[in-house]
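Residue numbers (the numbering used here), protein chains in the order written: chain F, 1 to 511; chain W, 512 to 827.
This is how it looks when you write it as C-alpha cells:
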C-alpha cells in the first residue's frame with residue numbers, strides 16, 4: 001500500500017509527477033486516436049482499434065469527434081504549462097496546490113468524459129462531465145490570474161534587477177504571464193459562449209472547410225477567432241516558460257517583455273475582433289510582429305548564453321568552437337531552434353500565403369488550400385510539443401549520451417517530418433497533379449519516418465520514467481525530495497513573512 | 512560513430528527500398544468492361560431528403576433525370592467532334608485568366624456569356640468571352656487530337672473524362688440541352704431519402720465504407736498496383752458487385768442506381784453562388800481520403816480549373 005501511496009504522492013503532488021502524468025495522458029490519447037486517421041487507416045490499424053475498443057463511429061459526427069479530441073489534448077497541454085508556471089513563478093504554496101489540484105481534476109475529467117462522449121456513443125452525462133472538466137480548467141485559470149497578480153508588493157523588482165521592470169518596479173515578465181493568462185480566459189470564453197449554442201442554432205464545423213465561404217455566421221467567426229488565438233496563446237506561454245527556464249535577462253529581456261505584453265494584447269484583440277472587424281487581420285499582423293520580435297530576443301539571448309557557457313574556459317574562441325558550444329546541449333539549443341524553424345514552416349508559410357492568396361492559393365482547389373492551412377497549424381502544435389519535451393527532459397535530469405540522443409533525434413527528425421509536410425502542402429508550386437505521385441510518396445515517407453522516430457524517442461523516454469517509477473530508490477525519489485525541500489523552504493519563508501506581518505498588525509493594534 | 516553510420520545506412524536502405532511511383536500518364540492500364548451503360552439516365556422523383564452533414568430536410572419539388580455514370584472520355588470526344596464540326600468550339604490558343612494571372616493555353620475553347628459580378632472580397636469577375644474547355648497538351652489528358660478528330664485513348668475510353676474545366680463541363684451538358692446538376696440535386700441523387708437512426712446516408716450505398724466500395728486514396732484497387740496508392744481513375748460503374756481478375760467489388764450504386772457518386776473523380780456542379788466565382792465539386796476522387804467521399808463534402812475551384820481528378824455528369 002505504501003508503495004502505491006508514495007508513487008501517487010509523487011505523481012499528483014509534484015510538478016514533475018503531474019507533468020509526467022499529463023505527458024503520459026497525451027501520449028496514450030495520441031497513440032490510440034492517432035490510429036484512426038492517416039497511414040494507420042491505410043494499414044488497417046483503424047479497424048482493429050475500433051473493433052478492439054468497441055468505438056461507435058458515426059460518419060456524420062467525425063468533425064465533432066475531432067473537435068472534442070483537439071479539446072482534450074489542448075486541456076492537457078494547458079495543464080502542463082500551468083504546472084510549469086506554478087513552479088517557476090513566485091507564488092504562495094497554497095495557491096500552487098489549489099491551482100494544480102483544480103486543473104488536474106479538470107483536464108482529467110475533460111479527457112475521460114470528452115473522449116467517451118465523442119467515441120463511445122452520445123450519453124449526455126458524459127458531455128456534461130466534459131463541460132464540467134473544462135469549467136474546472138477555466139476556474140484554475142482564474143486562480144492562476146489571481147496568483148500571478150503582478151501589482152502585489154512582494155513581487156515587485158528592485159531598481160538594480162537584471163529583469164525587465166517598470167519604473168514603479170512591476171515585474172514585466174510576470175505581467176507578460178498575467179496578460180497571457182487573462183487573454184487565454186477571455187479567448188476560452190469566446191469558445192464557451194459559442195459552444196453553448198451547440199445544437200441550438202450552431203452546428204459543428206471545421207474552420208478549414210469554411211475558408212472560401214463568403215457568408216460566415218457570427219458564431220462561426222467567433223470559433224475561428226477562438227481556435228487561432230488559443231493555439232497562439234499556448235505558443236506564447238511556452239515561449240515565456242522557456243525564457244524563465246533559461247534565465248532570460250538583461251537588455252534583451254527588457255526589450256522583449258514589453259513587446260510580449262503589447263503583442264499578446266494586440267494579437268488577442270485582433271483574433272477576437274474577427275467577429276466584428278473586417279480588417280482584423282491587420283491587427284493580428286501587428287501583434288504577431290511584436291510577439292515574434294520578443295521570441296527573437298529570447299533566441300539571441302539563449303544562443304549567446306550557450307556559446308558563452310560552452311567556451312567559458314577558452315580565452316579567444318574560434319568560430320568553430322563557438323558553433324560547437326552552441327550545439328553542445330541539444331535540449332537547451334532545441335527550444336530556440338524550433339522557434340527559428342517555425343519561421344520556415346509556420347510563419348513564413350502564413351505570410352507567403354497572405355501575400356499570394358489571390359495569385360496562387362485561391363487558384364488552387366479548396367482541398368489544396370485546406371492542406372496548407374491544416375498542415376501549418378499541426379506543425380505549430382508539434383513544435384510546441386517538442387519544446388515542452390525539451391523542458392521536461394531537462395527537469396527529468398536527462399544527462400550524458402541519453403540527453404544528446406534524445407535532443408538531437410527530436411530536433412532532426414521532427415524537422416524532417418515538418419519540412420516534408422510543408423513541402424507536401426506547397427507541392428502544387430512545383431509539380432502537377434499528373435506528375436505528383438513520386439513526390440508525394442517520398443514526402444509521406446519522410447514525414448512518417450520523422451514522426452515515428454520522434455514518437456519512439458518519446459516512448460523510450462516514457463518507458464524509462466515508468467521503469468524508474470517502479471524502483472524503490474529511483475530518480476523520482478530524488479526529484480520528489482528536491483521539490484519537497486524547495487517547497488518547504490519557500491513555505492518557511494512564506495510563514496516568516498506572514499509572522500512578520502501578523503506581529504506588525506499586533507503592534508499596530510496594541511498602540 | 513559506428514552506430515551513427517549504421518543508423519544512417521539503415522535509413523538509406525529503408526528509403527531506397529521504396530520504389531518510385533510512376534506518373535499517371537506513364538502507364539496505360541488495360542481496358543476493363545464494367546457492363547454499366549454510360550448512356551443511361553436515372554429518374555429522381557420530387558420530394559424531401561436529408562441535405563448536408565446535419566441532415567436538414569430539404570424539398571426538391573420536381574422530378575429530374577441524372578446520368579447513371581460520369582461522362583466518359585469516349586462521350587466527351589464525341590461531343591468535341593460534333594461541336595467542332597458545327598463551329599460551337601474551336602481549337603487553338605486561348606487566354607486563361609484567374610486571380611492576377613493571365614496565361615495562354617492550347618486547347619479546346621468556346622464562348623461563355625459571363626457571370627453576374629458582386630465585387631465581393633476575393634471574388635473574381637467572370638467576363639463574357641472565349642473560355643478554355645479542355646487543354647489538349649496537358650499531362651493527364653486521355654483524349655488525343657490529330658488536327659481533325661478527337662479520339663479517346665481506347666483503354667481509357669470508359670473512364671470518366673477528366674481535365675475538363677467547369678466551362679467545358681457546362682458546355683457539354685448545354686450542347687445536348689441538359690445542365691450540370693445543382694449541389695442539392697447532386698446530393699439527393701447520391702444519398703436518396705432514407706433515414707437510418709434519424710440520419711441520412713453518408714455514402715451512396717449505406718452507412719459505412721469498405722475498400723471495395725469505391726476508388727479512393729489507398730483503397731487497394733486494381734490500378735493502385737500499377738500506379739501506387741494514389742491510384743488513377745477507374746472505368747465508370749466499376750463498383751457494381753462484379754469480380755474483375757480476382758478483384759471483388761461491392762455493388763455501390765446510390766439509391767437511384769447511380770454509380771461513382773463517391774470516389775473516382777470529383778464532379779462539377781452547376782450552381783453559381785453570389786459573391787464568389789468558385790464552382791463546387793462533389794463526391795471525392797481517387798486522390799481523396801475516405802472521409803472526403805461522404806456525400807456532403809465538397810471541393811471548390813475557379814471555373815477555369817482542370818485536373819486529372821475532376822470530371823462531371825449532367826442532369827435534365
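Beta carbons are placed, not taken as given, at the ideal position from N, Cα and C, and that holds for glycine.
Just so we're clear, the structure is a prediction, and the values are computed from it rather than from any experiment.
#### Entry: Candidates F:177, F:134, F:233, of which the one nearest residue 196 of chain F by Cα
Numbered from 1 along the first chain, position 196 holds the residue referred to as residue 196 of chain F. Looking at the Cα atoms, F:134 is the closest of the given residues.
#### Entry: Among W:588, W:608, W:609, the one whose alpha carbon lies nearest that of residue 600 of chain W
Residue numbering aside, residue 600 of chain W sits at position 89 when the second chain is read from its first letter. When each option's Cα is compared against that of residue 600 of chain W, the closest is W:588.
### residue 642 of chain W - partner residues in DSSP beta bridges
Stepping through the second chain from its first residue, residue 642 of chain W is reached at position 131. BP columns for residue 642 of chain W point to W:621.
### Query
Are the CB atoms of residue 583 of chain W and residue 748 of chain W nearer to each other than 7 Å?
By one-based count along the second chain, residue 583 of chain W stands at place 72. By one-based count along the second chain, residue 748 of chain W stands at place 237. No, they are not a contact pair.
### Query
The alpha helix (DSSP H) with residue 681 of chain W in it runs from where to where?
Taking the first residue of the second chain as 1, we reach residue 681 of chain W at position 170. Element bounds for residue 681 of chain W: 677-686.
### Task
Give the residues of chain F in contact with residue 805 of chain W, contact being defined as C-beta atoms less than 9 Å apart.
The residue labelled residue 805 of chain W in the question sits at position 294 within the second chain. Residues of chain F passing the Cβ test: 59, 60, 62.
### Query
Terminal residues of the continuous beta strand (DSSP E) containing residue 810 of chain W?
If you number the second chain from 1, residue 810 of chain W lands on position 299. 809-812 is the extent of the beta strand (DSSP E) around residue 810 of chain W.
### Task
Check whether the Cβ of residue 713 of chain W lies closer than 7 Å to any Cβ atom in chain F.
Reading the second chain from its first residue, position 202 is the one you call residue 713 of chain W. Between residue 713 of chain W and chain F, the shortest Cβ-Cβ separation is below 7 Å.
### Task
Express the C-alpha separation of residue 138 of chain F and residue 129 of chain F in angstroms, rounding to a whole number.
By one-based count along the first chain, residue 129 of chain F stands at place 129. By one-based count along the first chain, residue 138 of chain F stands at place 138. The straight-line gap from Cα to Cα measures roughly 14 Å.
### Task
Would you decide whether residue 631 of chain W is buried or exposed? Buried here means 16 or more other CB atoms lie within 10 Å of its CB.
Counting from 1 along the second chain, the entry for residue 631 of chain W is found at position 120. Per the 10 Å Cβ criterion, exposed.
### Task
Measure how close the beta-carbons of residue 144 of chain F and residue 181 of chain F come, nearest whole angstrom, since I'm counting them as under 8 Å.
Looking up residue 144 of chain F in the first chain gives position 144. Looking up residue 181 of chain F in the first chain gives position 181. Right, the Cβ-Cβ distance comes to about 5 Å (below 8 Å), so this counts as a contact.
### Query
For the candidate residues F:251, F:404, F:271, F:211, whose alpha-carbon lies nearest to that of residue 226 of chain F?
Mapped onto the first chain, residue 226 of chain F falls at position 226. Closest option to residue 226 of chain F, Cα to Cα, is F:271.
#### Entry: Helix, strand or coil at residue 449 of chain F [DSSP, three-state]
For the purposes of this step, residue 449 of chain F is identified with residue 449 of the first chain, where counting begins at 1. Reduced to three states, the DSSP call for residue 449 of chain F is helix.
### Query
With which residues is residue 567 of chain W paired in a DSSP beta bridge?
To locate residue 567 of chain W, count along the second chain from 1; it is residue 56. Its beta-bridge partners are W:562.
### Task
Could you tell me how far apart the beta carbons of residue 700 of chain W and residue 765 of chain W are, in whole angstroms, since I believe they sit closer than 8 Å?
Sequence index remark: in the second chain, residue 700 of chain W carries index 189 (1-based). Sequence index remark: in the second chain, residue 765 of chain W carries index 254 (1-based). About 6 Å; that satisfies the 8 Å criterion.
### Task
Under 7 Å Cβ to Cβ from residue 453 of chain F, same chain only, skipping five residues before and after it: list those, please.
Looking up residue 453 of chain F in the first chain gives position 453. 409, 413.
#### Entry: Residues, ordered as in the chain, of the segment 644-661 of chain W that lie near chain F by beta-carbon distance below 8 Å
Within the segment 644-661 of chain W, 649, 650, 651 place their CB atoms closer than 8 Å to a CB of chain F, listed in sequence order.
### Query
Taking a cut of 9 Å between CB atoms, which residues from the segment 802-827 of chain W lie near chain F?
Residues of the segment 802-827 of chain W with a C-beta atom less than 9 Å from some C-beta of chain F are 802, 803, 805, 807, 808, 809, 810, 811, 812, 813, 815, 816, 818, 819, 820, 821, listed in chain order.
### Query
Excluding sequence positions up to five away, which residues of its chain have a Cβ less than 7 Å from the Cβ of residue 382 of chain F?
Along the first chain, read from residue 1 onward, the residue named residue 382 of chain F stands at position 382. 414, 418.
#### Entry: Cβ contact check for the segment 635-655 of chain W and the segment 608-623 of chain W: 3 or more pairs under 8 Å
Touching, yes.
### Message
Can you pull the chain F neighbours of residue 609 of chain W, defined as C-beta to C-beta under 7 Å?
### Response
Within the second chain, residue 609 of chain W is the residue found at index 98, counting from 1. Those within 7 Å of residue 609 of chain W in chain F are 363.
### Message
Residues of chain F with CB closer than 7 Å to the CB of residue 631 of chain W, please, in chain order.
### Response
Counting from one through the second chain, the residue named residue 631 of chain W turns up at place 120. Simply 214.
### Query
How about the segment 2-22 of chain F and the segment 425-433 of chain F: do they share at least three Cβ pairs that are nearer than 8 Å?
They do not touch, by the three-pair rule.
### Query
Which residues in the same chain have their Cβ closer than 8 Å to the Cβ of residue 344 of chain F, if we skip the five residues on either side of it in sequence?
As a first step, residue 344 of chain F must be located in the first chain, where it is residue number 344. So the list reads 419, 422, once near-sequence residues are dropped.
### Contact residues within the segment 780-798 of chain W, judged by C-beta distance below 7 Å to chain F
Cβ contacts with chain F come from 786, 787, 789.
### Query
Is the distance from the Cβ of residue 763 of chain W to the Cβ of residue 750 of chain W below 7 Å?
Here the question's residue 763 of chain W lines up with position 252 in the second chain. Here the question's residue 750 of chain W lines up with position 239 in the second chain. Yes, they are a contact pair.
### Query
So, is the C-beta of residue 358 of chain F closer than 7 Å to a C-beta in chain W?
For the purposes of this step, residue 358 of chain F is taken as the residue at position 358 of the first chain. Closer than 7 Å to some Cβ of chain W, the Cβ of residue 358 of chain F qualifies, so yes.
### Query
So is residue 565 of chain W in contact with chain F if we call contact Cβ pairs under 7 Å?
Position 54 of the second chain, counting from 1, holds the residue named residue 565 of chain W. Taking 7 Å as the threshold, the shortest C-beta distance from residue 565 of chain W to chain F falls below it.
### Query
Is DSSP giving residue 58 of chain F helix, strand or coil here?
Numbered from 1 along the first chain, position 58 holds the residue referred to as residue 58 of chain F. If DSSP states are grouped into helix, strand and coil, residue 58 of chain F belongs with coil.
### Query
How many Å lie between residue 783 of chain W and residue 255 of chain F at the Cα?
What you label residue 783 of chain W is simply residue 272 of the second chain in a count that begins at 1. What you label residue 255 of chain F is simply residue 255 of the first chain in a count that begins at 1. A direct Cα-to-Cα measurement between residue 783 of chain W and residue 255 of chain F gives close to 52 Å.
### For residue 446 of chain F, the nearest candidate out of F:111, F:39, F:22, F:342 (CA to CA)
Walking along the first chain from the start, residue 446 of chain F turns up at place 446. Taking the Cα of residue 446 of chain F as reference, the smallest distance to any Cα among F:111, F:39, F:22, F:342 is reached at F:39.
### Task
With residue 553 of chain W as the anchor, note down where its beta strand (DSSP E) starts and where it stops.
In the second chain, counting from the first residue as 1, residue 553 of chain W sits at position 42. Going by DSSP, residue 553 of chain W is part of the beta strand (DSSP E) stretching over 552-555.
### Rounded separation between residue 733 of chain W and residue 771 of chain W - CA only
Within the second chain, residue 733 of chain W is the residue found at index 222, counting from 1. Within the second chain, residue 771 of chain W is the residue found at index 260, counting from 1. Near 16 Å, if we compare the C-alpha coordinates of residue 771 of chain W and residue 733 of chain W.
### Query
Taking just the CA atoms, how far does residue 644 of chain W sit from residue 682 of chain W?
Indexing the second chain from 1 puts residue 682 of chain W at position 171. Indexing the second chain from 1 puts residue 644 of chain W at position 133. Approximately 8 Å between the Cα atoms of the pair.
### Query
Quick one: complete alpha helix (DSSP H) runs, 4+ long, within the segment 113-148 of chain F?
List check, alpha helix (DSSP H) in window: 124-148.
### Per-residue burial, residue 316 of chain F [other beta carbons within 10 Å of its own, 16 or more giving buried]
Looking up residue 316 of chain F in the first chain gives position 316. When all chains shown are included, residue 316 of chain F counts as exposed.
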